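Count along the first sequence from 1, add 164, and you get the number used in my numbering.
Right, one structure below, let's go through it.
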Amino acid sequence: MKTTLVWFRDDLRLADNPALAMAAARGAVVPVFIQSTEREDAWKPGAASRWWLHHSLASLAASLDELGSRLVLGRGSPLEVLKSMAQTTSADAIFWNRRYEPSLVQVDESVARGLRDAKLEPRSFHGRLLHEPWQVETKQGTPYQVFSPFHRRVEAMPKPDPPLAAPESLTSPPTWPRSDALDALELLPTMRWDATLAEAWKPGEAGAREVLERFLADALSDYRRDRDHPAVAGTSRLSPYLHHGELSPRQIDHSVRTLMREDVDEARDEEARAYLRQLMWREFAYHLLHHFPTTPERPLRAKYERFPWTDVETLEGRRQLEAWQRGQTGYPIVDAGMRELWQTGFMHNRVRMIAASFLVKDLLVSWREGARWFWDTLVDADLANNTLGWQWAAGCGADAAPYFRVFNPVLQGEKFDRRGEYVRRWCPELSALPDAHVHKPWDAPASVLRQANVTLGDTYPRPLVDHKEARERALVALASIRAD
DNA sequence: TGAAATGTTGGGGCG
DNA sequence: ACGCCCCAACATTTC
């Protein structure tokens, strides 16, 4: 009987895992996770992501135990660890599911070469996306840069196969290799700031299924109405599970389409389609990352290379960036979002757009600074999505917002958090303000502020910048780079 | 997956 | 009754 190593990376699930399924069909399976100690990427997982990873690995290990298997943890050079484990277990092949971050693609290619040199058989599978990024192309054979036509094209393509079931059992190898302890990976923060994360999330494949079921049962039927209202549980909140691969997009797509087939209600179908469209933005993000691999660092539109961003090395620039990071800008909807992020590792999508627009257009701080902060604080930090989102907000990416599109944080707050529930939840010092002033406390009469126990500049900051002036400044700055 | 400025329209108050 | 003006409300244009 043959033995196969399954190299787990960002696919921490048993169900719909092609590499695992193919390995199981072949014989004995050695599930492996490796913490690489090689310097392979400027985008190593951030603190929130590592917290998630720790718990997700614990969950995967427990699920494998139930199947009579194990999760073997290793540290070091992936190639060396895999070769050594293959030798211990007499494995002759190593299977994994493909990943798409440019530097990690290179790692995988070099590992595959090294394995072949060692007379081992590497095989990669397609499990992270609905379609491979290179399978979607325009009639001219070029990559898409605008979402709508990309979406149309994908809709016309053959649907992905139904998801694979989790293996019912796994055969153990003759000998198990030695495994590091999970704690040895040192993924948890040394300062114990993670209590609020643990309240908000349950990492792992079972958690992913629960969240998906809740979304399909409770939120999907009003998705279009509720998804933009951050106080409502109207979005799927599946992004961290998708990022770590505790759930595959194919599983989501299949569940939603099954509902649509069972459903006689046309209106609900529209809701489902609106959600699948969001899932397609993820596909689009990976399509762009694959075809434009420099975009995590550099704007897709070259003229933005010369945009006059605020220098965050100056005292003033640093102060503004930090005010944004800490949720102390004086604009309640922005601050609420940044505090939700800090406390839960997550921010509602509508608020991400508002907070990003504020950093980039009101403070004129580079989208890269925002991308880095999100990278370290989000449990769903994902290079493809993060890059697309920030370049979109800054106007320098694919299908970007026109440069003159500047979000007004007061209007956005009043429109999408009309009763101020979201702001009051995350900015409790504003909770006694009446609805009419909760999104613009600086505008409230002194008596109202006094009654609500708000002292501007003390219990809550004054606005960091005047939005009207900031908007005009942004338009001038953007006009300065207008010519291509 | 905007917001502000500017233009148009139509009802109602009023002389 | 009629014209004039005001100004929401809505539409269009511009940034």
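Virtual Cβ for every residue (Gly too), placed ideally from N, Cα, C.
Note that the structure is a prediction, hence the values are computed from the model and not measured.
Neighbourhood of Ala-558 by C-beta, 6 Å cutoff - its chain only, sequence neighbours within 5 removed: Val-524, Trp-531
Cut-off 7 Å between Cβ atoms - residues of its own chain near Ala-188, not counting five sequence neighbours on either side: Pro-331, Leu-334
The region 540–547 touching the region 271–288, judged by at least three CB pairs closer than 8 Å: no
The alpha helix (DSSP H) enclosing Lys-632, as first and last residue numbers: 631–643
Cβ shell of Gly-409 (< 7 Å), same chain only, five flanking positions each side left out: Asp-174, Asp-175, Leu-176, Arg-177, Arg-292
Backbone CA spacing between Ala-466 and Val-640 [nearest angstrom]: 18 Å
Proximity to Pro-326 [Cα-Cα], best of Asp-630, Arg-391, Ala-179, Thr-493: Ala-179
Reduced DSSP secondary structure (H/G/I, E/B, other) of Gly-371: helix
Glu-650 (DSSP reduced to helix, strand or coil): Only positions 165 to 648 of the chain appear in this structure, which leaves residue 650 out of reach.
Beta-ladder partner(s) of Val-269, from DSSP: Answer is none; Val-269 lacks a bridge partner.
Beta-carbon contacts of Arg-414 that lie in its chain and below 7 Å, excluding the five residues immediately before and after: Asp-180, Leu-294, Pro-324, Pro-327
Run of the alpha helix (DSSP H) containing Phe-314, from where it starts to where it stops: 311–320
Contacting residues, own chain, Cβ-Cβ under 6 Å from Tyr-387 (five flanking each side not counted): Glu-435, Ala-438, Tyr-439
Same chain, Cβ closer than 7 Å to Ala-397, neighbours up to 5 away in sequence not counted: Ala-383
Backbone CA spacing between Gly-534 and Ser-403 [nearest angstrom]: 18 Å
Buried versus exposed call for Ser-213 [16 or more other C-beta atoms within 10 Å across all chains shown]: buried
Close-in-space but distant-in-sequence residues of the same chain around Asn-572 (CB under 8 Å, 5 per side omitted): His-631, Arg-635
Rounded separation between Ala-643 and Val-570 - CA only: 14 Å
Rounded separation between Leu-349 and Arg-614 - CA only: 51 Å
Within 8 Å, strictly: CB atoms of Leu-464 and Gln-576: no
Which listed residue (Val-529, Lys-283, Ser-227, Trp-357) has its alpha carbon closest to that of Gly-371: Ser-227
Beta-carbon gap between Leu-351 and His-218 smaller than 8 Å: yes
Those residues which DSSP pairs with Arg-239 across a bridge: Gln-199
As assigned by DSSP and simplified to three states, the class of Val-515: helix
Anticipated Cβ contact below 8 Å, Ser-343 with Val-194, distance rounded: Their Cβ separation, rounded to whole angstroms, is 10 Å, which puts Ser-343 and Val-194 out of contact at 8 Å.
Cβ-based neighbour list, Thr-302, same chain, cut-off 8 Å, excluding 5 preceding and 5 following: Tyr-308, Pro-313, Arg-317
Ala-345, buried or exposed, once every other Cβ within 10 Å from all chains shown has been counted against 16: exposed
Identity of the residue in Lys-604, Pro-457, Ala-647 nearest Phe-471 by Cα: Ala-647
DSSP state of Leu-620 mapped onto helix, strand, coil: strand
Nearest to Pro-394 (by Cα), restricted to the options Leu-231, Arg-425, Gly-305, Phe-510: Phe-510
Val-428 in three-state terms, based on DSSP: coil
For Val-618, the nearest candidate out of Pro-609, Glu-593, Glu-633, Val-629 (CA to CA): Glu-593
Reference Tyr-624; option with closest CA among Ile-416, Ser-400, Trp-590: Trp-590
Assigned secondary structure, Val-193 (DSSP; H/G/I helix, E/B strand, else coil): strand
Reduced DSSP category for Trp-488 - H, G, I as helix; E, B as strand; rest coil: helix
Three-state secondary structure assigned by DSSP to Glu-285: strand
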